[in-house]
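These notes are about the structure you will find just below.
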Amino acid sequence: MTTAVLLEWVIKSAIILFVLVTAVAYLTFLERKVMSWIQLRIGPNRVGPWGLLQPLADGVKMIFKEDIIPTEANRWLYVIAPAISLIPALMTFIVIPYGSVVHVPILDRDVALRVTSMNIGLLYIFALTSLGVYGLVLAGWASNNKYSLLGGLRSSAQMISYELAFGISIVSVLLYTGTLDLSVIVGQQSGRFGVLGWNFFKVPLFLVFIVYYIASLAECNRTPFDLPEAESELVAGYHTEYSSMKFVMFQMAEYINLITASSIAVTLFFGGYIGPKVNYYPWLGLVYFALKVLVLILLAMWIRFTLPRFRYDQLMRFGWKFLLPAAIVNVIITATVVLFWPPQHP
Amino acid sequence: MTNYVPVLIVLVLAVGLAAVLIIVSRLLGKNRPTPEKLAVYECGVEPVGTARERQSVKFYLVAMVFLLFDIEAIFLVPWAVVFPNVLRDNAALKLVFYGEMMLFMVVLFIGLVYVWRKGILEWNR
Amino acid sequence: MEKVLFIVLAVLAIGTALNVIFQRNPLYSALSLIGTLASLSALYLTLHAQFIAAIQIVVYAGAIMVLFLFVIMLLNVPKTQPVVEKHKALGFLAIPFAGAMIAEAFYVLKTLADKKITPAFAIDTTDRAVGTTWSVGYSLFTQYLLPFEVTSVLILMAVVGAMVLARREGD
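The listed protein sequences correspond, in order, to chains A, B and C.
Mind the numbering: the first sequence is residues 0 to 345 in numbering that gives the first Met the number 0, read in order.
Mind the numbering: the second sequence is residues 0 to 124 in numbering that gives the first Met the number 0, read in order.
Mind the numbering: the third sequence is residues 0 to 170 in numbering that gives the first Met the number 0, read in order.
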């Protein structure tokens with residue numbers, strides 16, 4: 000392990016964090032724009048051309064807002080709770096490959112477009128997602144507010160319920176790939192057949208994708224599963240008492256989780272960075288990856304502005320009585336299909 | 000093992016970013032607290048009682064059932080990783096691997112059905 | 000390098016574990032325990048047991064501790080006075096038990112050191128080495144098949160037990 004390698008990791012990780020934070024800022028903008036288009040409105044258009052500087056203005060505004068810590072709150076937990084929810088979200092992305100190997104002219108050497116590859120890559124993601132619960136539940140408890148506590152408990156119960164369907168649907172994909180390493184999983188989806196090589200088009204896996212996608216929306220607390228912050232009953236759920244940058248940190252964690260969940264879906268089901276001519280122009284991989292992720296995020300937004308929110312008992316019933324059995328049945332179907340037609344890749 | 004060093008790096012960076020965000024708003028934001036502003040939000044009226052009350056046992060039950068099925072999911076992972084490799088390398092074992100996991104899942108499905116019949120999954124009861 | 004890492008992680012694990020015991024607020028105790036589990040997971044990583052390290056986080060930190068937190072929050076026990084003050088005799092019982100535990104730990108370490116046990120597999124970082132998902136899975140489903148299937152029955156029993164405990168009042 001030389002200094003150069005170490006430096007490469009530090010730079011790549013820093014770039015990833017920067018890109019994630021910037022992407023979050025623009026996703027809030029995109030979300031408002033998409034919402035207004037769907038609702039036949041114009042949306043933010045005053046700050047900069049087409050309102051493009053709106054996220055910047057919002058950011059500056061949020062920084063200068065007053066940072067309130069309620070007197071009744073448990074100060075220490077109240078301050079670190081948003082950090083606990085943001086840190087795992089930021090850490091997940093390092094195992095996701097967003098391109099193959101490119102030649103960088105300035106450095107005059109080849110650089111792999113991923114921070115690292117692990118032989119337990121998917122489990123690493125799974126482990127960090129399972130830690131995401133703490134930020135919400137601690138925020139709810141530390142605020143010492145009835146809405147916050149209920150919101151925190153609800154959201155953690157929701158997240159752990161849908162985590163099962165999330166994890167078990169990934170198992171079905173593993174039955175095709177036989178590895179947890181995301182770089183290898185992407186590599187297996189390239190081949191002569193182009194798009195047909197994607198895992199999405201393997202026989203039972205499109206059903207798995209549907210279960211995965213619904214579960215990941217619930218994991219990210221997106222509508223129709225945004226019960227934790229159901230305005231009409233819980234004000235703002237676990238972050239009712241939060242203001243200023245601490246509030247922003249919860250928002251960031253939520254959007255980063257959406258980006259990560261979409262990226263994992265792209266990597267597992269839609270061939271990751273693979274696309275036409277990617278072997279000749281490796282930089283194209285980045286473009287393909289970003290576009291595919293964007294499509295999934297737009298789908299999530301479309302769903303958000305189309306469907307009403309679940310009631311809490313409906314949510315739990317759906318998660319435990321439909322999604323979980325569906326995920327288990329998917330594993331059984333996939334195992335049976337794989338038994339008779341084993342996957343061919345090396 | 001060196002593949003895991005980036006985890007440490009990104010942990011340090013993420014903690015740093017979180018700390019900067021918290022400190023920046025502390026320094027730059029204005030700070031004019033009043034007792035009303037710092038009171039617990041309860042739709043604008045005086046807070047009634049305390050938030051630290053006992054909550055429904057259902058949350059506990061859900062966490063319990065989750066824990067048990069989470070362990071099941073964890074057992075599925077190594078099996079799912081080994082199974083395609085066994086299919087390729089060791090055809091004699093493939094039915095054994097298939098059968099034993101089906102048995103495992105049947106037993107756990109019984110567990111799910113039991114929980115279902117007991118009405119634990121009904122939130123509005 | 001390995002040694003420094005081990006010492007840092009070990010100190011972290013023991014420090015947080017001590018905090019679990021000495022902390023008066025049950026919530027802080029639970030949070031310290033998460034710290035202990037995380038440092039143990041990192042220790043597993045230094046031993047090249049990546050799968051176990053990930054499982055440690057997923058199951059212990061991600062599931063069992065959530066249950067603990069739920070119990071603490073749902074019951075909302077106010078700041079505890081230590082149980083020892085209520086049951087003085089238990090405090091005296093603790094000393095011989097702790098002594099026995101420490102003696103046992105030393106005995107195990109001593110016998111292991113005498114036997115000079117060598118690992119069954121050569122430790123390396125390739126995909127099929129000991130401690131990886133593949134090796135854990137393969138031995139679990141061949142050599143240790145019976146314990147694995149018994150585990151499923153055990154989990155089923157735990158499900159039934161949890162339901163019985165939580166729904167004592169007739170319904």
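Even glycine gets a Cβ: it sits at the ideal position worked out from N, Cα and C.
request  = Using a Cβ cut-off of 9 Å, pull out every chain A residue sitting near F58/B, in sequence order please.
outcome  = Taking the first residue of the second sequence as 1, we reach residue 58/B at position 59. Those are L152, R153, S155, A156, listed as they occur along chain A.
Spatially closest choice to P87/A from F58/B, L10/B, P5/B, T1/B, by CA coordinates = Locating residue 87/A in the first sequence gives position 88, counting from the first residue. Comparing Cα-Cα distances from P87/A to each of F58/B, L10/B, P5/B, T1/B, the minimum goes to L10/B.
task = Look at the alpha carbon of F246/A and the alpha carbon of M101/B, and state the distance between them as a whole number of angstroms.
result = Translated into positions along the first sequence, residue 246/A becomes position 247. Translated into positions along the second sequence, residue 101/B becomes position 102. Computed Cα separation, rounded: 46 Å.
task = Rounded to whole angstroms, what's the CA-CA distance from K96/B to A79/B? Just pull it up for me.
result = Locating residue 96/B in the second sequence gives position 97, where the first residue counts as 1. Locating residue 79/B in the second sequence gives position 80, where the first residue counts as 1. This sequence places Phe at residue 96/B; Lys is not what is there. Whole-angstrom Cα-Cα distance: 10 Å.
ask   = Any Cβ of chain E within less than 7 Å of the Cβ of L8/C?
value = Among the protein chains of the structure shown, namely A, B and C, there is no chain E.
ask   = Among G120/A, S155/A, G42/A, L89/A, which has the Cα closest to the Cα of N220/A?
value = Looking up residue 220/A in the first sequence gives position 221. Looking at the Cα atoms, S155/A is the closest of the given residues.
message = Taking 6 Å as the cut-off, is the beta-carbon of I213/A closer than that to any non-hydrogen atom of the ligand GDP?
response = Absence of the ligand GDP is noted for the structure shown, with no ligands found whatsoever.
inquiry  = Is there a C-beta anywhere in chain C that falls below 7 Å from the one on A289/A?
reply    = The count along the first sequence starts at 1 and reaches residue 289/A at position 290. Chain C, which has no Cβ nearer than 7 Å to the Cβ of A289/A, makes this no.
Contact list for D88/B against chain A, beta-carbon separation under 7 Å = As a working mapping, residue 88/B is identified with position 89 in the second sequence. Result: empty, since nearest Cβ-Cβ is about 11 Å, beyond 7 Å.
inquiry  = Which of the three DSSP states is assigned to V100/A in this structure?
reply    = As a working mapping, residue 100/A is identified with position 101 in the first sequence. Correct three-state label for V100/A: strand.
query = Do V337/A and L195/A have their CB atoms nearer than 7 Å?
reply = Walking along the first sequence from the start, residue 337/A turns up at place 338. Walking along the first sequence from the start, residue 195/A turns up at place 196. Cβ distance not < 7 Å, so V337/A and L195/A don't count as in contact.
key: Where V202/A sits in the DSSP three-state scheme   = Residue 202/A sits at position 203 when you count from the first residue of the first sequence. It is coil, neither helix nor strand.
inquiry  = Alpha carbons only, please: which of W122/B, K117/B, E121/B is nearest the one belonging to V163/C?
reply    = For this step, residue 163/C is matched to residue 164 along the third sequence. Among W122/B, K117/B, E121/B, the Cα nearest to that of V163/C is on K117/B.
task = Kindly list the residues whose CB is nearer than 7 Å to the CB of G136/C, restricted to its own chain and excluding five residues on each side of it in sequence; keep chain order.
result = For the purposes of this step, residue 136/C is identified with residue 137 of the third sequence, where counting begins at 1. Within the same chain, G136/C has no close Cβ partners at all.
ask   = Span of the alpha helix (DSSP H) holding V110/A?
value = The count along the first sequence starts at 1 and reaches residue 110/A at position 111. Per DSSP, V110/A belongs to no alpha helix (DSSP H); it is in the beta strand (DSSP E), 108 to 111.
message = Short of 8 Å Cβ to Cβ, which residues in the stretch 228 to 258 of chain A face chain B?
response = V234, T239, E240, S243, M244, K245, V247, M248
Own chain residues within Cβ distance below 6 Å of A217/A, not counting five before or after = Your numbering for residue 217/A matches position 218 in the first sequence. Counting only Cβ-Cβ distances below 6 Å, and skipping sequence neighbours, we find Y161, F224.
inquiry  = Rounded to whole angstroms, what is the Cα-Cα separation between I94/C and N73/A?
reply    = Start at 1 with the first residue of the third sequence, and residue 94/C comes out as number 95. Start at 1 with the first residue of the first sequence, and residue 73/A comes out as number 74. Distance between the alpha carbons of I94/C and N73/A is about 35 Å.
ask   = Using 7 Å as the limit for Cβ to Cβ distance, is P342/A near chain B?
value = Reading the first sequence from its first residue, position 343 is the one you call residue 342/A. For P342/A, the answer is yes, since a Cβ of chain B falls inside 7 Å of its Cβ.
query = How would you call P203/A, buried or exposed, if buried means at least 16 neighbouring beta carbons within 10 angstroms?
reply = The residue given as residue 203/A occupies position 204 in the first sequence. P203/A comes out buried.
query = So which residues on chain B does K60/A lean against when the C-beta distance must stay under 8 Å?
reply = Along the first sequence, read from residue 1 onward, the residue named residue 60/A stands at position 61. The contacting residues do not exist; K60/A stays about 11 Å from chain B at best.
query = How many angstroms separate the CA atom of L42/C from the CA atom of A161/C?
reply = Counting from 1 along the third sequence, the entry for residue 42/C is found at position 43. Counting from 1 along the third sequence, the entry for residue 161/C is found at position 162. Going from the Cα of L42/C to the Cα of A161/C covers about 32 Å.
task = May I ask which residues mark the beginning and end of the alpha helix (DSSP H) holding W36/A?
result = For the purposes of this step, residue 36/A is taken as the residue at position 37 of the first sequence. Start and end: 2 to 37.
task = Would you mind sorting K2/C into buried or exposed? The rule is 16 or more other CB atoms within 10 Å of its CB.
result = Start at 1 with the first residue of the third sequence, and residue 2/C comes out as number 3. K2/C comes out exposed.
ask   = Is it the case that the Cβ atoms of Q53/A and V46/A are separated by a distance below 7 Å?
value = Position 54 of the first sequence, counted from the start, is the residue given in the question as residue 53/A. Position 47 of the first sequence, counted from the start, is the residue given in the question as residue 46/A. Yes, these two residues count as a Cβ contact at 7 Å.
message = Below 8 Å on the Cβ atoms is my contact criterion, and I expect L120/B with W319/A to pass it. Report the Cβ-Cβ distance as a whole number of Å.
response = As a position in the second sequence, residue 120/B is number 121, starting the count at 1. As a position in the first sequence, residue 319/A is number 320, starting the count at 1. Indeed, because the Cβ distance is near 4 Å, the residues count as touching under 8 Å.
ask   = What are the boundary residues of the alpha helix (DSSP H) that includes P341/A?
value = Position 342 of the first sequence, counted from the first residue, corresponds to residue 341/A. Run containing P341/A: none; DSSP gives neither H nor E here.
ask   = Leaving out the 5 sequence neighbours to the left and right, which residues in its chain are closer than 6 Å to A126/A when beta-carbon positions are compared?
value = Counted from its first residue, the first sequence places residue 126/A at position 127. Cβ within range, chain order: n/a, list empty.
ask   = Quick one: what's got a C-beta closer than 7 Å to T124/C's C-beta in the same chain, skipping five residues either side?
value = Residue 124/C sits at position 125 when you count from the first residue of the third sequence. Note that T124/C has pLDDT 48, beneath the 50 cutoff, so the model's placement of it is unreliable and the number below is only indicative. Result list for T124/C: H47, in chain order.
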